[in-house]
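Engineer: Residue numbers for the sequence shown follow this note's numbering, beginning at 17 and rising by one.
Each residue gets a CB set at the ideal place from its N, CA and C atoms; glycine is no exception.
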Amino acid sequence: MKSKIDRRRFLGMSALGSASLLGLTTINLLSCEKEGDFDPKSLSDDLQSFDTIIIGTGYGGAVSALRLGEAGIKTLMIEMGQLWDTPGEDGKIFSKVTDPDKRSMWFKEKTEAPISKFLGLDIVNRPIPKYAGVLDRVNFDNMSVYVGRGVGGGSLANGGMAVQPPMSYFEEILPQVDASEMYGTYFPRANQMLRVNLIPDSLLEDSDYYKFSRVGRKNAEKAGYSSVTVPNVYDFQYMQQEEEGTVEKSAFDGEVIYGNNHGKSSLDKTYIPEAIGTGNVTLKVLHRVDEISRTPEGKYSLTVVEIDPEGAVKNTMIIECTHLILGAGSVGTTQLLVKAREKGTLPNLNDRIGTNWGTNGNIMVARANHGWDKTGVKQSTIPTLAIDAWDDPNYPCFAEIAPMPSGIETWISLYLAITKNPERGYFQYNPATDTSELIWGPNQNDPSVAAVKHMFDRINRSNGTIYRYDLFDDNKVFADYFTYHPLGGCVLGGATDLYGRVHGYENLYINDGSLIPGSTGVNPFLTITALAERNIEEIIKSDMA
Ligand code: FAE
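1. In chain order, what are the residue ranges of uninterrupted beta strand (DSSP E) at least 3 long that sit wholly in the stretch 84-143?
2. Helix, strand or coil: how does DSSP classify lysine 330 here?
3. How many whole angstroms separate the CB atoms of isoleucine 424 and valine 393, which I take to be in contact at a CB cut-off of 8 Å?
4. Using only the heavy atoms of the ligand FAE, determine whether one of them is closer than 7 Å to the beta carbon of phenylalanine 443.
5. Let me know if isoleucine 334 comes out buried or exposed under the rule of 16 or more other beta-carbons within 10 Å of its beta-carbon.
6. Go through the stretch 436-510 residue by residue and report every complete run of the beta strand (DSSP E) that reaches 3 residues or more, in order.
7. Following a CB-centred definition, is phenylalanine 252 positioned closer than 7 Å to any heavy atom of the ligand FAE?
8. Could you tell me the alpha carbon to alpha carbon distance between glutamine 256 and tyrosine 442, rounded to whole angstroms?
9. Tell me the residue span of the alpha helix (DSSP H) that contains isoleucine 292.
10. Which residue comes first and which comes last in the beta strand (DSSP E) that contains valine 305?
11. Using only the alpha-carbon positions, how far apart do methionine 471 and proline 533 sit?
12. Buried or exposed: where does threonine 298 fall if 16 or more other Cβ atoms within 10 Å of its Cβ makes it buried?
13. Tell me whether glycine 72 sits in a helix, a strand or coil according to DSSP, three-state version.
14. Assuming arginine 233 and glutamate 549 form a contact by the criterion Cβ under 8 Å, report the distance between their Cβ atoms to the nearest whole angstrom.
15. Exposed or buried, what is valine 518 when buried is set at 16 or more other beta-carbons lying within 10 Å of its beta-carbon?
16. Which of the three DSSP states, helix, strand or coil, is assigned to lysine 20?
17. Tell me the rounded alpha-carbon separation between threonine 481 and phenylalanine 186.
18. Using the Cα positions of phenylalanine 54 and lysine 18, report the straight-line distance between them to the nearest angstrom.
19. To the nearest angstrom, how far is it from the Cα of asparagine 366 to the Cα of serine 282?
20. Do three or more CB pairs link the stretch 459-474 to the stretch 391-411 at distances below 8 Å?
21. Decide if glutamate 221 is buried, meaning its Cβ has at least 16 other Cβ atoms within 10 Å, or exposed.
As structure tokens, then:
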């Protein structure tokens, strides 16, 4: 069994590699029967021949593709971003956090990094040419949402933290889902498929690159908080070699939100090549789905725009399918469906579509340490410790000790906190822009700020330290205007049934972060992956067998 999976992944990886070298936007395995013998001319471009289409190649999309492919169902994945597999002129696929170029961001004139300032000066973000880069920041009034773009979605840009929520909290957010099944079957499956591993003590306790974590832990302990080690999909054996200087550095060389050139087991290394390796899954990149409607015969009809990496429109096409799975992420899926309901192309969608959206309570905050508490010139980009006060009855907070890889000593401790915020936003279609926009009020993050303030006031008091006021927009101490963890918008059991079947339409499914009602209490992708495994298993068994 293992060798079959290894071979499937190998075939998928070689199809992805060859396609990317040749600049192809359609990738499958049709002519890859003999290893290494990949002939692009015989690729099928008959886009009407697929039973099932998946929009998006993030966690939900990738899980769905693999399981459909294994079940022998001809599936097309449509992804608006690029396949990130070809080095640029500098020999690298991705650019560093400290040295971003056009590859860093999705059609921006200037980078829009979460830490926007240093010493209050606008010196962090840089002008870049507009290009189909890997990290997008979707800006709405009062809230900006970071998302990954490309084959692998958020897995390309994220910090790789793969955290299982406490079972009691999972039961609180998704009471209709059988938690014992999730924790007995689907979380273990997700952990294994995503290659989740733990940092060895030798790296965490001894490496110069984790001084920032140890300082953050010490400061927290002084205030009576305990820390936990956070699992990750970054390969810590590779990191050990980075420490020893025997491989090219990635986490130890400032690579993360604009992509990792090495080390990270993103979805384009795990689920997606395996899906393509089944021979039943085809991938279209740089193709964006703009509208969804239904034909009189009951098929789904997608309006798809093909772009080049500079953003020029190459083609617009209509593609039809019988089964449609939305895996475009919390924002992408919700935007498409709200638009379809409001423009009347899918008028039977219910009014729960577009509601119950949340930020996972994300807040970023930073402290200034004393001179003796250096956080290090060298910092690994992969966070591995979190201050865990989720059990606090009034101010639950799970705060990751985040790196600030600037290449100089800053004495800064930076944190990404996850809090329990009951506030929810909703999406509204705007005919003037022809998109659905998030409605989120300026004070909706106040409960999150209160929780973070409670924790870090206490840490500052115990250590005799202060906040940094110079790193975020408007000199804010608490960055409450962006999130890395968009969740909800099309919630399980409201917009859909308990497996992601969309109410009002047959053969229409959602399988991504939009199903989760605004909060997971920890970083969300492990939960998204496990839930996607559960949902697609049931759908294949009951609807597609
Ligand atoms: P997602 O991964 O967003 O994939 C959606 C895909 O659909 C993307 O590839 C889009 O380009 C594509 N798409 C969207 N609209 C269209 C369209 N109209 N046509 C065609 N394609 C489309 O969805 N989570 C963690 O658990 N741990 C972390 O350490 C962590 N760190 C993060 C750091 C950053 C900088 C970011 C941005 C996110 C981070 N996250 C982290 C969040 C995590 O990546 C996110 O929850 C998942 O990626 C969401 O998975 P989905 O399958 O919902």
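Structural biologist: Answer, in terms of the structure:
1. For the stretch 84-143, whole beta strand (DSSP E) runs of length 3 or above, ordered along the chain, are 91-94.
2. Note: lysine 330 maps to strand in three-state DSSP.
3. Right, the Cβ-Cβ distance comes to about 6 Å (below 8 Å), so this counts as a contact.
4. No.
5. Residue environment for isoleucine 334: exposed (fewer than 16 other C-beta atoms within 10 angstroms of its C-beta).
6. Counting whole runs of 3 or more residues, the stretch 436-510 contains the beta strand (DSSP E) stretches 442-446, 451-455 and 503-505.
7. Checking every heavy atom of the ligand FAE against the Cβ of phenylalanine 252, none is found closer than 7 Å.
8. A straight-line Cα-Cα distance of about 44 Å links glutamine 256 and tyrosine 442.
9. 287-293 is the extent of the alpha helix (DSSP H) around isoleucine 292.
10. Per DSSP, the continuous beta strand (DSSP E) segment holding valine 305 begins and ends at 303-310.
11. So the alpha carbons of these two residues sit roughly 25 Å apart.
12. Taking all protein chains in view, the Cβ of threonine 298 is crowded by 16 or more other Cβ atoms within 10 Å, so the residue is classified as buried.
13. Three-state DSSP puts glycine 72 in coil, outside helix and strand.
14. Not really, about 33 Å apart at Cβ, beyond 8 Å.
15. Counting of Cβ neighbours within 10 angstroms places valine 518 among the buried residues, the total reaching 16 or more.
16. Here lysine 20 sits in helix by DSSP.
17. One C-alpha to the other measures close to 35 Å.
18. In this prediction, phenylalanine 54 has a pLDDT of 38, which is less than 50 and means its spatial position is unreliable; nothing more can be read from the coordinates.
19. Our two residues, asparagine 366 and serine 282, have alpha carbons roughly 34 Å apart in a direct line.
20. Yes, they touch.
21. In this structure glutamate 221 is exposed. Its beta-carbon is surrounded by fewer than 16 other beta-carbon atoms within 10 angstroms.
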